[in-house]
Amino acid sequence: MSAAVIEPRSLAELLAGLTDAPLHGEVTGVAADSRHASPGDLFLAIAREGEQRRAHATEARERGAVAIAWEPADGEAPVADALPVPGLRAAAGTIAARSLGDPASALTLIGVTGTNGKSTCAWLLAQALGGGERPAGLIGTLGHGLWPDLAPAIHTTPDPVTLQQTLAGFRDTGAGAAVMEVSSHALAQERLAGAAVDIAVFTNLSRDHLDYHADMEAYIAAKARLFARPELKVAVINADDPAAPQMAAVVPAGCRIIHYGVHATAEVALQGREPHYGGQRLALATPVGPVRLDLPLPGAFNAANALAVVATLVALEWQPAAIAAALAAVMPPPGRLEAVPGGPPEVRVDYAHTPAALEAALAAMQEQTRGRLWLVFGCGGDRDAGKRAPMGAVAEAGADVVVITDDNPRREDPAAIASEILAGFARPEAVTVIHDRAAAIDHAIGTAGAGDAVLIAGKGHEAEQEVGTTRRAFSDIDTARAALERRGGAHAPA
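The UniProt record's numbering puts the first residue of the sequence shown at 1, with every later residue one more than the last.
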């Protein structure tokens, strides 16, 4: 996204309280990516490495930036005429928000965090909120934009300048609300600075991203930062998750807390669940009265996601009939237990890439599978290796037939990744390893019985596979569809 075009603003306004340097002149935009700097910009040199910052600042100047903000570091000389701004990385969002007239203040901004369920909750909320008189924005793994016109996402939560530009775009096109997935990386890196969050939603917490966070305590602390924001009005928290008390403990004074789940303290509580093919019927108790949902998404984990969405809509003063109507009409999120037509066998594609998410997806498939349950999955390279053996154990416990394949191996040896997954199996000799992902999917679909089901897990909606340093076109959904066509199966029963 290009740098924001704004009314000329003084450097004194944009950097007020952030630097002691004399501030003179005006700028017409803010950029943090030197490749997108424009004439008249203030460039924020926020790269971590000094030489990289210097190179970026030079490029930004060549593209017409008229001022450079620079985070001072011991023993490092800034580029000529740079403005020293201590804590620049954390302040970048605030500077961008000032340049754009504080776009979040014109929106009801909802932030969704947690290990699993963020994408689905944000997807459902954007649909519900965008079904009224004003559009709703979505920022997350499944895309950025006004629902349903979404552009592919590079990051779950964008960098602070791009985030502010996106929110300004929502505001300027008449949106009343925006729903944003908030990753632990984004919270640790202060990407939300300058964006006032009205409602924070916590889905759940289990092992993930320990290649980035030092340990689970650091991971939990990063997630909790969303709930400690002083401007927060409502915290929606999963009462069934062991980390719920840590989220609730940090909310600011005056912030309303709405718990959801099957826990006795939940204000939005699941009282009944009846699975059916392709979905489930749910009975809920809420502060605004009983709600009965016919949800077109299967699985107990999607029931929990629906509870989070309902609790958020309750916070926005929606009534039971409107809640039920909105969720009955939702379009399921892509790559989240997405059904691939053309069976038998039944084939679904899911993004599950943590032990907890894989366990939940397998449990959902078990509810609807008459025969054997096949699982095709792998683990990503250059990511938390500690979850590989646990995912193997989950796979062995939840599936009848397991095929291990390559996910996004990146720069790691695929055979080594598979070996680490196999370490979690009690009977690794029963597992088939086919590194070529297309061949693995074709094998499972071509071999499964008519009453069997195949779950392809790990990549979900993704349209590329990362091998080495190369990204190549690859879609689990398209590959599964082609395998079903080769098999020549009939459609699954309704």
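Note that the Cβ used here is the ideal one computed from N, Cα and C, for glycine as well.
Every value quoted in this text rests on a predicted model; they were computed, and no experiment measured them.
Asked	Found
Every unbroken beta strand (DSSP E) inside the UniProt domain "Mur ligase C-terminal" (335-460) [3 residues or more]	338-340, 346-350, 373-377, 401-404 and 453-457
Ala-361 versus Arg-273: straight-line alpha-carbon distance, rounded	17 Å
Exposure of Thr-369, with buried meaning 16 or more beta-carbon neighbours within 10 Å	buried
For His-61, three-class secondary structure by DSSP	Just to set this straight, residue 61 is Arg in the shown sequence, not His. Note: Arg-61 maps to helix in three-state DSSP.
Reduced DSSP category for Arg-191 - H, G, I as helix; E, B as strand; rest coil	coil
Of the listed residues Asp-294, Leu-83, Asp-41 and Val-197, nearest to Gly-278 (C-alpha basis)	Asp-294
Where Ala-80 falls, given that 16 or more other Cβ within 10 Å makes a residue buried	exposed
Cβ of Glu-317 within 8 Å of any chain D Cβ	The structure shown contains no chain D, having only a single protein chain.
Helix, strand or coil at Glu-462 according to DSSP, with G and I counted as helix	coil
With 16 other Cβ atoms within 10 Å as the buried cut-off, status of Pro-414	buried
Cβ neighbours of Pro-8 in the same chain (closer than 6 Å, five flanking residues each side left out)	Glu-26 and Thr-28
Expected contact under 8 Å - CB spacing of Pro-84 and Pro-103 to nearest Å	The Cβ separation is near 27 Å, so there is no contact.
Any 3 or more C-beta pairs closer than 8 Å across the stretch 406-424 and the stretch 311-324	no
Rounded Cβ spacing between Arg-411 and Asp-384 (contact assumed at less than 8 Å)	About 15 Å; that fails the 8 Å criterion.
Leu-226 vs Gly-93 beta-carbon contact at 8 Å	no
DSSP three-state assignment for Gly-169, whether helix, strand or coil	helix
Neighbourhood of Asn-305 by C-beta distance below 6 Å, restricted to the same chain and skipping five residues each side	Gly-117, Thr-120 and Cys-121
Limits of the beta strand (DSSP E) - the one that Glu-181 falls within	177-181
Helix, strand or coil at Asp-294 according to DSSP, with G and I counted as helix	strand
Pairwise C-alpha distance: Thr-203 and Ile-154	22 Å
Buried versus exposed call for Gln-189 [16 or more other C-beta atoms within 10 Å across all chains shown]	buried
Where Arg-48 sits in the DSSP three-state scheme	coil
Close-in-space but distant-in-sequence residues of the same chain around Ala-463 (CB under 6 Å, 5 per side omitted)	Ser-475
Residue 508 in three-state terms, based on DSSP	The structure shown does not extend to residue 508, since the chain is modelled only from 1 through 494, so no value can be given for it.
Close Cβ partners of Gly-392 (< 7 Å) along its chain, the five nearest in sequence each way excluded	Ile-421, Leu-422, Ala-423, Gly-424 and Phe-425
Nonlocal neighbours in the same chain, by C-beta distance under 6 Å from Pro-135, ignoring five residues either side	Leu-146 and Ala-175
Cα-Cα separation, Gly-40 to Val-454	55 Å
Length of the line joining the Cα atoms of Glu-181 and Ile-257	19 Å
Delimiting residues of the beta strand (DSSP E) encompassing Leu-150	149-151
Per DSSP, the bridge partner or partners of Val-310	Paired residue(s): none; Val-310 is not in a bridge.
Leu-18 vs Ala-91 beta-carbon contact at 8 Å	yes
Supposed close pair Val-347, Ala-480 - CB separation, criterion 8 Å	5 Å
Whole-angstrom distance between Val-349 and Met-331, CA atom to CA atom	16 Å
Beta-carbon proximity of Gly-378 to Ile-441, cut-off 8 Å	no
Residues that DSSP places opposite His-144 in a beta bridge	Ile-139 and Ala-151
Inter-residue spacing [alpha-carbon to alpha-carbon] between Ala-248 and Ala-239	10 Å
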